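These notes are about the structure you will find just below.
There are 2 protein chains.
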Amino acid sequence: MTEAAIHPAVQAWQTAEGDLLIGGVPLARLAQRVGQTPFFAYDRARISARVGELRRRLPDTLDLHFAVKANPMAALVCFLAPLVDGFDVASAGELAKALDAGMPARHIGFAGPGKTDRELRQAIAAGILVEAESAGEVTRIKSIAEDLGTAPRIALRINPDFHLKGSGMRMGGGPQQFGIDAEDVPDLIAAARAAGVVIEGFHIFAGSQNLSAETIAEVQAKTLDLALRLADRLAAPLRYLNLGGGFGIPYFPNDKPLDLAPIGDNLAEVVAKLATAQPEARAVLELGRYIVGEAGLYVTRVIDRKMSRGEVFLVTDGGLHHHLAASGNFGQVIRRNFPVAIDGRMNEAAQEKASVVGCLCTPLDLLADKASLPRAEIGDLVVIFQSGAYGLTASPTAFLGHPPPAEVLV
Amino acid sequence: MTEAAIHPAVQAWQTAEGDLLIGGVPLARLAQRVGQTPFFAYDRARISARVGELRRRLPDTLDLHFAVKANPMAALVCFLAPLVDGFDVASAGELAKALDAGMPARHIGFAGPGKTDRELRQAIAAGILVEAESAGEVTRIKSIAEDLGTAPRIALRINPDFHLKGSGMRMGGGPQQFGIDAEDVPDLIAAARAAGVVIEGFHIFAGSQNLSAETIAEVQAKTLDLALRLADRLAAPLRYLNLGGGFGIPYFPNDKPLDLAPIGDNLAEVVAKLATAQPEARAVLELGRYIVGEAGLYVTRVIDRKMSRGEVFLVTDGGLHHHLAASGNFGQVIRRNFPVAIDGRMNEAAQEKASVVGCLCTPLDLLADKASLPRAEIGDLVVIFQSGAYGLTASPTAFLGHPPPAEVLV
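From first to last, the protein sequence lines are chains R and F. Going by our numbering, the first sequence opens with residue 33, and the numbers climb by one from there. Going by our numbering, the second sequence opens with residue 33, and the numbers climb by one from there.
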């Protein structure tokens, strides 16, 4: 078997006679329908299966939100709208997508450390929940809402006094640009109360891309404790608690898929305690990558096959301008290959080590470094797995003036 | 003085009473004229001064090309067209910009490891020089040119048997996706000759962002030797030799600006030897970053000023979605700050360590990590220097749905 086929993320996809299937369609046929390479393809059956799995494992009273930043493709956001309980957005641009998709404003939260006055005005006009990241932002929200003659909906984003160990990205604990330091929150609540500002609840996000169920469960329990302590200071009962997300997906050979069972058990306790202490509070889990990351493929065609000083290079029509994360240039400390395979040869054994490179004139444009693959020829489709989140959206599409990829929801 | 003011890249800019001037205009006034922050501003006087300096230091018979990929802003490409002798492009998109700017097709070269048939067709139809990266590409060029009924113009991109030590990016030597291994070129020339394909010359690019004049001079001498050896195999006299570029600019505190004098002296020898051995050959130096990198500023406004656990964070309306390189996420192994300053306070002493962060909801969005700065307030403009090359063009502008920056040529 190929290196790729060993990866559980690849084994999860159906094949027929060496062809990769997506939504029951052979990938080469899909490429004809799309009319171009490269493209990203997202599998709606896999997305809804993932949401279904989360629903089964997690307590019924927990709201499941999708973090639009993970994949803002309009059709995908529309597809997810009826499947999840709410959306989290990080800009006015994402807010527009969330509303366009039909998500009711009351189920949209907006976090982000640098909200402009214009964005705050849009958010307040829309009636969504604004997750304020500083005392200054609370003041700005109050002033803009007065100007609009509307009561704003405000939660506080908290920078906790703990962090999520082993996360791909640390977003809480220590000094941070995100949120209000937990120890400063009581004073801020008192000031807001004095100013007649109502705080609905809290958003506490400790980290992302974590594969340890134990760590995630521990942090969720700590998050609840912190929220309950802070809620005692509020003028009104707690109505909203965003527990963050942080559920990781396996990208690399030794990554183990996250075990949802212990997280679900722990969350059942968390929501039960919350219901006892703060019966009006709605608990929210905010997931982006975990919902869509494994449902997406990046597909690019081999334009040239070169030998250079004993090494094989597959030169493709794609590259880091479409998929920066796969090139290892987006927050990764050590570059590792995303799972990769050659369509049409899914049943062939690995025959060689080949590097998959993009069409850009820069050595950074490396999609797979010396991967074990069957022998690929010019015209073959190279598939990069685990590409459903932070793929196209996080890539420098204009770099070197090549055309953008297509995106399809299958 | 501030940490920023110590950096020679900052000292090179004029100020008046603490205000930074660009093209004689105070930056705050320019921001009003632009009508928004963030924006990139490029100083045409600095660009032409840099070209003038290169003209003075380099031999008259050497052609100076601009590598459009460094900054493809249309107005900037138009401004450079009459100043330089040619453009190098890396895609059909850049080719269109080069032609739109009025650069004659005969002075445009096209390199890139993954040229599509469509791009090759466009390039051949335009009559530009195609720098073929493999034997397969030569075959495709021949076939497309026959189909078009046009004689193609072809050079070979060579992967040399040496590299440019200490480069920011290594683009030659060892196994590479770029070019044809030097040792394989004689056979390829023989095959081309047999097939009636004319090879005009060679493109040999060993690396980029190098600050050692000695290393660059050494590689240029080696490049000439390699080209002359290979030229003996050509059916016709050598007509074109692209010596690459690789001239670096100082980004970080200990970086010393490149000393052009020894490079100029060495290039005088290189072109003299070339003129003797191959009198019809035009020698080309291809520079991108060196021409525009130091002429550009990224300007973003402070939206929030936060203290978190003893550290100061300046939250701005910009971020890595506009300027990925300044966040340290574009090819840098170790993250270091680009030179940074606060407009309006250029004459104030550093008072604090402050981190400049962007508006994105990700910890990667760090524009300056604990920089020594005067105390900045909400509304102040933060300036990131050395932002004229590989700034906006190499950034994931759509990430998180925020608006794009403006770009102005002043």
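A virtual CB, placed ideally from N, CA and C, is assigned to each residue, including glycine. Quick caveat, the model's predicted, so the values are computed rather than measured.
- Beta-bridge pairing by DSSP links K288 of chain R to no other residue.
- Membership of F194 of chain R in any beta strand (DSSP E) is not indicated, and neither H nor E is assigned to it by DSSP.
- The beta carbon of Q208 of chain R falls within 9 angstroms of a beta carbon belonging to chain F, placing the residue at that interface.
- CA-to-CA, the gap between A63 of chain R and D375 of chain R works out to about 11 angstroms.
- Straight-line measurement puts the Cα of A327 of chain F at about 38 angstroms from the Cα of A167 of chain R.
- Contact between S427 of chain F and L352 of chain F holds: their C-beta atoms lie close to 7 angstroms from each other, under 8 angstroms.
- Taking 8 angstroms as the Cβ-Cβ cut-off, the region 350-370 of chain R approaches chain F at G351, L356, N361, F362, G363, given in chain order.
- Boundaries of the beta strand (DSSP E) around I416 of chain F: 413-416.
- Taken in chain order, the complete beta strand (DSSP E) segments of 3 or more residues contained in the region 124-176 of chain R are 140-142, 161-164.
- Close partners of N274 of chain F in chain R (Cβ separation under 8 angstroms) are lacking, with about 13 angstroms as the shortest Cβ gap.
- Put simply, of R:T394, R:Y74, R:F210 the residue whose alpha carbon is nearest the alpha carbon of Y330 of chain R is R:Y74.
- Per the DSSP secondary-structure output, S199 of chain R pairs with nothing in a beta bridge.
- Residue-level contact by beta carbon fails for D179 of chain R and chain F, as no gap is shorter than 9 angstroms.
- In the three-state scheme derived from DSSP, where H, G and I count as helix and E and B as strand, Y283 of chain F is classed as coil.
- The continuous alpha helix (DSSP H) containing A226 of chain F extends over residues 217-226.
- At least 9 angstroms separates the CB of A223 of chain R from every CB of chain F.
- In the three-state DSSP reduction, N274 of chain R falls in the strand class (E or B).
- In the displayed model, R341 of chain F falls within coil according to three-state DSSP, outside both helix and strand.
- Judged by beta-carbon spacing, P436 of chain R lies within the 9 angstroms limit of T429 of chain R, meaning their Cβ atoms are closer than that value.
- The beta carbons of G278 of chain R and A238 of chain R sit closer together than 9 angstroms.
- When only Cα atoms are considered, G360 of chain R and R367 of chain R end up about 5 angstroms apart.
- Of the residues assessed, D219 of chain F falls on the exposed side of the cut-off, its CB having fewer than 16 other CB atoms within 10 angstroms.
- Here G146 of chain R is near D336 of chain F, since their CB atoms are less than 9 angstroms apart.
- The beta-carbon distance between P371 of chain R and A41 of chain R, rounded to whole angstroms, is 5 angstroms. This is short enough to meet the 8 angstroms contact definition.
- Inter-residue distance for P184 of chain R and A223 of chain R is about 16 angstroms (C-alpha atoms, whole angstroms).
- N298 of chain F is not a Cβ neighbour of I236 of chain F, given a cutoff of 9 angstroms.
- The CB of D336 of chain R comes closer than 8 angstroms to the CB of P145, G146, E165, S166, G168, E169 in chain F, given here in chain order.
- Here E246 of chain R is exposed, its C-beta having fewer than 16 other C-beta atoms within 10 Å.
- Contact with chain F is found for N191 of chain R, since one of that chain's Cβ atoms lies less than 9 angstroms from the residue's Cβ.
- If the five residues before and after M339 of chain F are omitted, its C-beta is found closer than 8 angstroms to the C-beta atoms of F345, all from its own chain and listed in chain order.
- Taking a contact as a CB-CB distance under 8 angstroms, the pair C393 of chain R and D349 of chain R does not count as one, their CB atoms being some 14 angstroms apart.
- Beyond the five residues adjoining it in sequence on each side, E215 of chain R comes within less than 8 angstroms, by CB distance, of D193 in the same chain, given in chain order.
- Where D257 of chain F is concerned, the enclosing alpha helix (DSSP H) starts and stops at 245-263.
- Sequence-ordered contacts of the region 98-124 of chain R with chain F read V100, K101, P104, V121, A122, S123, A124 [C-beta pairs closer than 8 angstroms].
- Its chain contains A187, L270, R271, Y272, L273 as the residues whose beta carbon lies nearer than 6 angstroms to that of G233 of chain F, once the 5 sequence neighbours on both sides are disregarded; these appear in chain order.
- When DSSP reads this structure, K385 of chain F sits in a beta bridge with F:S404.
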